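Heads up: the sequence lines are chains W and L, in that order.
Anchor point for the first sequence: position 308 equals 308 in our numbering, and the numbering is continuous, going up by one each time.
Take any residue in the second sequence, note its place counting from 1, add 1000, and you have its number in our numbering.
Just so it is clear, CB atoms sit at the ideal spot from N, CA and C, and this is done for glycine as well.
No experiment lies behind these values; they were computed from the predicted model shown.
What follows is one structure encoded as structure tokens, with my remarks underneath.
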Amino acid sequence: MLSFVAQRVVKGVIVLLAIVVLNFFLIRLAPGDPAVVMAGEAGASDQIFVKQLREKFGLDKPLPEQLFIYVKGVVTLDLGFSFRQQAPVSKLILERLPATLLLTLTAFAISLMLGVLFGSFAARFAGTFLDTGITVFALIFYAMPIFWVALMGILLFSVTFDWLPSFGYETVGANLTGLAHAVDVAKHLIMPAMTLGLFFMATYTRMTRASMLEVKRLDFVKTARAKGLSDAVIQRRHVLRNALLPVVTLAGVHSGTLIGGAVITETVFAWPGIGRLMYDALLQRDYNLLLGVFVICSAMVLIFNLITDLVYRLVDPRIEFAS
Amino acid sequence: MLRSPSGVIGLIILLLAIGIAVFGPMLFPNSPWRMVQRPFLPPFTLSTVPLGTDALGRDVFAGMIFGARVSLLVGLVSTLVALVVGVPIGAMAGYFGGKVDDALMRFTEFFQTIPSFALAIVLVAILQPSIYSIVASIAVVSWPPVARLVRGEVLSLRTREYVQAAVVTGQSNTWIILREILPNALSPVIVLASLMVATAILLESSLAFLGLGDPNLISWGYMVGAGRTVIRQAWWITVFPGVAILISVLGLNLIGEGLNDALNPRLSREGR
Chain W
1 MLSFVAQRVV KGVIVLLAIV VLNFFLIRLA PGDPAVVMAG EAGASDQIFV KQLREKFGLD
61 KPLPEQLFIY VKGVVTLDLG FSFRQQAPVS KLILERLPAT LLLTLTAFAI SLMLGVLFGS
121 FAARFAGTFL DTGITVFALI FYAMPIFWVA LMGILLFSVT FDWLPSFGYE TVGANLTGLA
181 HAVDVAKHLI MPAMTLGLFF MATYTRMTRA SMLEVKRLDF VKTARAKGLS DAVIQRRHVL
241 RNALLPVVTL AGVHSGTLIG GAVITETVFA WPGIGRLMYD ALLQRDYNLL LGVFVICSAM
301 VLIFNLITDL VYRLVDPRIE FAS
Chain L
1001 MLRSPSGVIG LIILLLAIGI AVFGPMLFPN SPWRMVQRPF LPPFTLSTVP LGTDALGRDV
1061 FAGMIFGARV SLLVGLVSTL VALVVGVPIG AMAGYFGGKV DDALMRFTEF FQTIPSFALA
1121 IVLVAILQPS IYSIVASIAV VSWPPVARLV RGEVLSLRTR EYVQAAVVTG QSNTWIILRE
1181 ILPNALSPVI VLASLMVATA ILLESSLAFL GLGDPNLISW GYMVGAGRTV IRQAWWITVF
1241 PGVAILISVL GLNLIGEGLN DALNPRLSRE GR
């Protein structure tokens, strides 16, 4: 178990380093001389300042040395400086990270719970109207662009019914504390989390349904039935448990998509997370910040994949930890 | 394929969308960029502007029709490019095995680990938004599943007797891969490709929504993005293009399912 975890962590670190190197070359692909771009972002473009910048960031050194400096910087959590926001990139990201984690994890929990619930209902009543209804809804949600779901949510629940706030993390200027503050944040969280969760809920519904129908035909289910167990017990304890394995795998694969969805959701709802930060960086063509967020997103995906890998092995004792 | 009702519905939707993309602009020559009426004209009030106008008085219906071109074109071309990259990589990995396989699969896994939408955003932003950079970025983030699928297929086909017969008769590796193996590995690739077109359309619309569309081409995602700030006054600017995206993506997913049922009866239960 420990050696497995160590192995996966080492592999993850190597991939992350590769992403950092890719990042380095992407920055150099950005239009214009980086020093001139930075000078422009800082609002000055005279020759002396550009030269100073070149020296400060080692841009006058040969490429391999520059790469070394960049990687060393990232390892010590120095992701560069955002001239637009006048702050170090890592500080900007750390400030925004909790909001993104709150949003993505809530969305993930909602989508997994509802997806498995609807999927198992559809499988339990396969071929009935309930099954058809769930399947059709899952197909439709699966085809909706996230940004559009977000806007339709605002149109319906904020504009028409006025039930939920349409933007932000908390009510500005309310200065709430304790429970009242938590309720306020939760109110703001519902719509973004549902928006982001809906697409994944559709995926998990389809997956759970398909997987349960597959398991249902296996021999041990027939045995359970022959033993005289009730249908509900068979579905819950025999079928669902085994059918969840592919769903867990899918959850790991989806972590990257979840982050991508967060960029859009946070943009529409003005949710103060790193997705919104990425959008702001994009609008201002703040490449340092943009690529900093990109590295952190990749790191988050790697960590999430590691966790699902471990969960997978815990859920299914047949898979051994030693590889 | 024609026996599955969902596949037929999907096919009808796709043919309609292609028809609109190809012939629509000839039948409705209103430019989607030109001001044709007063701004914020609600839908269903004037027959010449059936879906109303946006904040600049531009015809929403014209935008929908011209947008179909961009969505379908980007979806199809980027999928083709992804296939051109992914199929050879997967085929070589599966056919040669050993170190080649290891190296190519590590490379593929690396691209699969990177959050795809974030990478697409970064690529389009750095290469500057244009139809070429958008197609390239979508292709870059969507080829890995193709490579993995093809590798798996080739791996199982490689040991078949007819392949060994070809080896014995002294055929070159390229010939064996192209003529003996790949044609037999095609059906799951076709299924995946139809689903990839759907994902590519969603990706393109998301990029355009964030302002990373080709500035010279109107697209559904751009329209929703432009209508976003005025959603309280004019719901129709965001609602209609979104419905268009939804229907096209739904159609392609249905085709994918229909093809899956028809080509891989064994896999059809597994979903995606």
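For this session: Work out the CA separation of W/T308 and W/L105 for me, nearest whole Å.
Result: 13 angstroms
Exercise. Do you know how far the Cα of W/A30 is from the Cα of W/L196?
Worked result: 30 angstroms
Exercise. For the segment 1121-1141 of chain L, which residues have a beta carbon sitting closer than 8 angstroms to at least one beta carbon of chain C?
Worked result: Among the protein chains of the structure shown, namely W and L, there is no chain C.
Exercise. Which of helix, strand or coil does DSSP assign to W/A6?
Worked result: helix
Problem set entry | Cβ neighbours of W/V185 in the same chain (closer than 6 angstroms, five flanking residues each side left out) | E170
Exercise. Helix, strand or coil: how does DSSP classify L/S1248 here?
Worked result: helix
For this session: Work out the CA separation of W/R318 and L/A1082 for me, nearest whole Å.
Result: 36 angstroms
Exercise. With contact counted as at least three CB pairs below 8 angstroms, one residue from each stretch, are the segment 1163-1171 of chain L and the segment 1130-1149 of chain L in contact?
Worked result: no
For this session: Enumerate in chain order the residues of its own chain whose CB-to-CB distance from L/V1077 is below 6 angstroms, with the five nearest sequence positions on each side excluded.
Result: V1135
Problem set entry | Minimum C-alpha distance to W/G252 - residue among W/T203, W/L176, W/A174, W/T265 | W/T203
Problem set entry | Three-state secondary structure assigned by DSSP to L/R1003 | coil
Exercise. W/F294 versus chain L: which residues are under 9 angstroms apart at the beta carbon?
Worked result: I1114, P1115, A1118, L1119, I1121, V1122
For this session: Tell me whether W/Q235 is buried or exposed, calling it buried when 16 or more other Cβ atoms sit within 10 Å of its Cβ.
Result: buried
For this session: Please state if the CB of L/G1086 and the CB of L/V1163 are separated by a distance shorter than 8 angstroms.
Result: no
For this session: Give the C-beta separation of W/F141 and W/F199 to the nearest angstrom, bearing in mind that I take them to be a contact with Cβ-Cβ under 8 angstroms.
Result: 6 angstroms
Exercise. Should L/Y1222 be labelled buried (16 or more other beta-carbon atoms within 10 Å of its own) or exposed?
Worked result: buried
Problem set entry | Interface flag, L/E1270 vs chain W, CB-CB below 8 angstroms | Bear in mind that a pLDDT of 41 at L/E1270, under 50, signals an unreliable position, so the model cannot answer this.
Exercise. Thinking C-beta only, is L/F1061 closer than 8 angstroms to L/L1072?
Worked result: no
Exercise. Does any residue of chain L bring its CB to less than 8 angstroms from the CB of W/M147?
Worked result: Correcting the residue identity first, residue 147 of chain W is Phe in this sequence and not Met. Judged by the 8 angstroms Cβ criterion, W/F147 is in contact with chain L.
Exercise. What does W/G260 reach in chain L if we use C-beta pairs closer than 7 angstroms?
Worked result: P1115, S1116, F1117, A1118
For this session: Provide the residue(s) that pair with W/D309 in DSSP beta bridges, ordered along the chain.
Result: Bridge partners of W/D309: none, in fact.
Exercise. Tell me which same chain residues have a C-beta within less than 6 angstroms of the C-beta of L/A1091, skipping the five on either side of it?
Worked result: V1150, V1154, I1177
For this session: Check the Cβ of L/T1174 against every Cβ in chain W and list those closer than 7 angstroms, keeping chain order.
Result: Neighbours of L/T1174 on chain W: none; closest Cβ ~30 angstroms, over 7 angstroms.
Problem set entry | Short CB-CB distance (under 8 angstroms) between W/Y204 and chain L | no
For this session: Rounded to whole angstroms, what's the CA-CA distance from W/E266 to L/W1236? Just pull it up for me.
Result: 23 angstroms
Exercise. Is the CB-CB distance between W/F121 and W/L130 below 8 angstroms?
Worked result: yes
Problem set entry | At least 3 beta-carbon pairs within less than 8 angstroms: the segment 77-88 of chain W vs the segment 283-291 of chain W | yes
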